[in-house]
Amino acid sequence: MTGPDPRTDEELLAAHAAGEPDAFGVLFRRHRDRLWAVALRTTNDREDAADALQEAMLSAHRAAARFRGEAAVTTWLHRIVVNACVDRLRRRQAHFTLPLPGQAGAEEDDRHGAARNEPAAPSTDHDTAMVVRAALAELPYEQRAALVLVDLQGYSVAEVAEMMGVAEGTVKSRCSRGRARLAVMLGHLRNLNAAPDVGGTRTQDFAPKGGSHDHSRS
Numbered sequence: 044m045t046g047p048d049p050r051t052d053e054e055l056l057a058a059h060a061a062g063e064p065d066a067f068g069v070l071f072r073r074h075r076d077r078l079w080a081v082a083l084r085t086t087n088d089r090e091d092a093a094d095a096l097q098e099a100m101l102s103a104h105r106a107a108a109r110f111r112g113e114a115a116v117t118t119w120l121h122r123i124v125v126n127a128c129v130d131r132l133r134r135r136q137a138h139f140t141l142p143l144p145g146q147a148g149a150e151e152d153d154r155h156g157a158a159r160n161e162p163a164a165p166s167t168d169h170d171t172a173m174v175v176r177a178a179l180a181e182l183p184y185e186q187r188a189a190l191v192l193v194d195l196q197g198y199s200v201a202e203v204a205e206m207m208g209v210a211e212g213t214v215k216s217r218c219s220r221g222r223a224r225l226a227v228m229l230g231h232l233r234n235l236n237a238a239p240d241v242g243g244t245r246t247q248d249f250a251p252k253g254g255s256h257d258h259s260r261s
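Numbering (the numbering used here) for the sequence shown: 44 to 261.
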């Protein structure tokens, strides 16, 4: 039984670009779990996540020869996965934004009978996990992707800006707006003594954070 391939990510990608048949598979298996987590949290749907991840890896497989080392291979892979997820969500137009009090559209939804009763406080950790996941899914996809990468995956704003191909201020703005929306949607959880992990996601992970707010277009 052979051990893990000792080559770096950059060496594996270069080997794949040079024609080594198994190199890309080794690289993908090395980072599969984290890439899957990003895809699943961004799309909030296992089928969409699987399809987006497959599309992303096909794109990466074909584009390997164009990799110039300007960012880490993991950053490059994550950028491709996030873009595949966002493109898929855009094509499906499957997301919707929960109207917040005072937002345009809230009154119109009321006229159409949309129910927006505050959910009851969850009675179990499983219920809380479902509420947090559902709230994250309500965010516009650009805000959701930024929060997943910054707050859940631990990437810096600069790294996420590189992945998403936007300015750092735009990432900050998307995170700020996403946290503000989640704070409203998850406000009924604040009185719970302990918010559980949701695959590494806790309600406090999305609490509004201090610092200046960038007002770049999100």
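Even for Gly, the Cβ is constructed at its ideal location relative to N, Cα and C.
Can you tell me the Cα-Cα spacing of A114 and H121, whole angstroms? Translated into positions along the sequence shown, residue 114 becomes position 71. Translated into positions along the sequence shown, residue 121 becomes position 78. Rounded to whole angstroms, A114 to H121 spans 11 Å at the Cα level.
Can you list, in chain order, the residues of its chain with a C-beta nearer than 7 Å to that of V191? Leave out the 5 residues immediately preceding and following it. As a position in the sequence shown, residue 191 is number 148, starting the count at 1. So the list reads V81, R84, T85, once near-sequence residues are dropped.
Name the residue from R75, D48, R187 whose alpha carbon lies nearest to the alpha carbon of D65. Working through the sequence shown from its first residue, we reach residue 65 at position 22. Here the closest residue by C-alpha is D48.
Could you tell me the alpha carbon to alpha carbon distance between H59 and D76, rounded to whole angstroms? To locate residue 59, count along the sequence shown from 1; it is residue 16. To locate residue 76, count along the sequence shown from 1; it is residue 33. Taking the straight line from one Cα to the other gives about 21 Å.
Would you mind working out which of E90, W79, R89, R111 sits nearest M100, comparing C-alpha positions? As a first step, residue 100 is located in the sequence shown; it is residue number 57 there, counting from the start. Among E90, W79, R89, R111, the Cα nearest to that of M100 belongs to W79.
Among Q196, E205, M228, E185, which one has its Cα closest to the Cα of S216? By 1-based counting over the sequence shown, the position of residue 216 is 173. Checking every option, the nearest Cα to that of S216 belongs to E185.
Let me know the secondary structure DSSP gives N87 once reduced to three states. Indexing the sequence shown from 1 puts residue 87 at position 44. N87 falls in the coil class under three-state DSSP.
Using a Cβ distance threshold of 8 Å, determine whether the segment 95–109 contacts the segment 199–213, with at least three qualifying pairs required. no
Could you work out which residue in R89, E53, V124 is closest to R109 when comparing CA atoms only? As a first step, residue 109 is located in the sequence shown; it is residue number 66 there, counting from the start. Out of R89, E53, V124, E53 has the C-alpha closest to the C-alpha of R109.
S199 lies in the alpha helix (DSSP H); which residues open and close that run? Locating residue 199 in the sequence shown gives position 156, counting from the first residue. Unbroken run through S199: none, as it is neither H nor E.
Exposed or buried, which one is G62 when buried takes at least 16 other CB atoms within 10 Å? In the sequence shown, counting from the first residue as 1, residue 62 sits at position 19. Its Cβ having fewer than 16 others within 10 Å, G62 is exposed.
Excluding five sequence neighbours on each side, which residues of the same chain lie with their C-beta closer than 7 Å to the C-beta of D91? The count along the sequence shown starts at 1 and reaches residue 91 at position 48. Here D91 has R131 as same chain residues with Cβ atoms under 7 Å from its own Cβ, once five neighbours each way along the sequence are excluded.
Distance between V69 and V124 (C-alpha atoms, nearest Å): For the purposes of this step, residue 124 is taken as the residue at position 81 of the sequence shown. For the purposes of this step, residue 69 is taken as the residue at position 26 of the sequence shown. Between V124 and V69, the C-alpha separation is close to 17 Å.
What separation, rounded to the nearest whole angstrom, lies between the Cα atoms of L195 and C218? Counting from 1 along the sequence shown, the entry for residue 195 is found at position 152. Counting from 1 along the sequence shown, the entry for residue 218 is found at position 175. Straight-line Cα distance between these residues: approximately 12 Å.
Is DSSP giving L229 helix, strand or coil here? Working through the sequence shown from its first residue, we reach residue 229 at position 186. In the structure shown, L229 sits in coil (DSSP, three-state: anything other than H, G, I, E or B).
Going by beta-carbon coordinates alone, are L56 and V116 separated by less than 7 Å? Working through the sequence shown from its first residue, we reach residue 56 at position 13. Working through the sequence shown from its first residue, we reach residue 116 at position 73. At the C-beta level, L56 and V116 come within 7 Å of one another.
Buried or exposed by the 16-neighbour rule on C-beta atoms within 10 Å, applied to R187: What you label residue 187 is simply residue 144 of the sequence shown in a count that begins at 1. Burial call: buried.
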